[in-house]
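**Q** Supplied in structure tokens, the structure appears directly below.
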Amino acid sequence: MIRLRLPLVLLAALLWTGCGSSAPLSIQSDPTEAVSFTVVSDSLEGDPAILAMVAPYSREMDAQISEVVGRADAEIREGRPEGPLGTFAANAMLSVVQDMTDRPVDMALTNNGGLRVPIGPGDITVGKMFELMPFDNMMIILDLTADQVRALAARLARGGGDPIAGFSFLITADGGVEDLKVGGAELVEDRIYRLVTSDYLANGGGPYEVMWEVTAREELAYLLRDAFTDHLREIGFIENTTEGLIRRVQ
């Protein structure tokens, strides 16, 4: 897993030397009172002693974020109902989670809104993975009934789709769901299906209300960003393709 090590002294130094803003300055005060202020911007030269102290940590961080973890021959973007970037992200989650729990996980779901930038073409670095997923969202496993899987698919259909793995369905002409399958098989009524998603979505940060009512949860101390990075290290290459998991009636 990727952890950029920024000691407290480095953080303080960065704040001291790098704080600046072009935002408008608003001051509320007594109009009869004399005030003064000093503008601090990135046009000021850094303190040599602070810069010297920061330098070794900065070099270490640069080396970490410059590490190449994979590549792509095209620009990999999200899309609806599916996109290559979302396909990669959901597959990464479903792949890495299998070694983190004592029971198999059947499905994965994340959201396009969390995938902030396209990646590729060319080499893909750790730094680019931070751009792709700048949020420290954790993975979480939810246990769903067959009816809850149906409700989740129905909500996905109404929203036009989001990145998924492990299950598939058809969006009908009237926005309904048909041919819903998990792992290529029809739903079994008395079976529990395990879904890996983000804590953001599971805790109410998205439109998937059915997940909010789930009480059987397994929280993982594992960042989505790390899942993407570790999976890309393993496969080495991102295909500019989707898998046809969410289809529409033509």
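Once you know that position 35 of the sequence shown is 35 in my numbering, the rest is easy, because the numbers rise by one and skip nothing.
For every residue, glycine included, the Cβ atom is placed at its ideal position computed from N, Cα and C.
If you're wondering where the values come from, they're calculated on a predicted model, not measured in any experiment.
Short of 8 Å in beta carbon distance, which residues of its chain neighbour Q98, apart from the five on each side in sequence? Order them along the chain.
**A** Closer than 8 Å at Cβ, skipping near neighbours: P104 and V105.
**Q** Quick one: grab the DSSP three-state call for I50.
**A** Helix.
**Q** Anyone know if the C-beta pair for A108 and T197 falls short of 9 Å?
**A** Yes.
**Q** Could you tell me whether the segment 127–138 touches the segment 210–224, using the rule of 3 or more Cβ pairs below 8 Å?
**A** Yes, since at least three Cβ pairs between the segment 127–138 and the segment 210–224 fall closer than 8 Å, the two stretches touch.
**Q** Take D179 and list the residues in its own chain whose beta-carbon comes closer than 7 Å to its own, dropping the five residues that flank it on each side.
**A** Excluding positions up to five away in sequence, the list reads F169 and L170.
**Q** Nearest by alpha-carbon distance to G127: which of R77, G70, G159 and G161 is it?
**A** Nearest of R77, G70, G159 and G161 to G127, Cα basis: G70.
**Q** What is the residue span of the beta strand (DSSP E) that D127 lies within?
**A** For the record, residue 127 in the displayed sequence is Gly; it is not Asp. Careful: G127 lies outside any beta strand (DSSP E), inside the alpha helix (DSSP H) at V126 to L132.
**Q** In terms of alpha-carbon separation, which member of A173, V54, D73 and D47 lies closest to G236?
**A** Looking at the Cα atoms, D73 is the closest of the given residues.
**Q** Beta-carbon separation of T110 and P163 under 9 Å?
**A** Yes, these two residues count as a Cβ contact at 9 Å.
**Q** For the alpha helix (DSSP H) that G70 lies in, which residues bound it at each end?
**A** Not the alpha helix (DSSP H): G70 falls in the beta strand (DSSP E), residues V68 to A72.
**Q** What does the Cβ neighbour count give for G122, buried or exposed, with the cut at 16 atoms within 10 Å?
**A** Label assigned to G122: exposed.
**Q** For V177, I'd like the list of residues in its chain whose CB is within less than 6 Å of its CB, leaving aside the five on either flank, ordered along the chain.
**A** Excluding positions up to five away in sequence, the list reads A153, A154, A157 and F169.
**Q** Can you list, in chain order, the stretches of the alpha helix (DSSP H) that have 4 or more residues and sit fully within the segment 202–243?
**A** Counting only runs of 4 or more, we get 209–212 and 224–235.
**Q** Which stretch, first to last residue, makes up the alpha helix (DSSP H) that contains S95?
**A** Residues P84 to V97.
**Q** Just reading off the beta strand (DSSP E) that A108 is part of, what are its end residues?
**A** Looking at the DSSP string, the run of the beta strand (DSSP E) that includes A108 is M107 to L109.
**Q** With a 10 Å radius around its C-beta and 16 neighbouring C-beta atoms as the bar for buried, classify S21 as buried or exposed.
**A** Per-residue confidence for S21 stands at a pLDDT of 44, beneath the threshold of 50, marking its modelled position as unreliable; no derived number is given.
**Q** Tell me, please, which residues DSSP counts as bridged to E186.
**A** Looking at the DSSP assignment, E186 forms a beta bridge with K181.
**Q** Name the one or two DSSP bridge partners that T197 has.
**A** According to DSSP, T197 bridges with I140.
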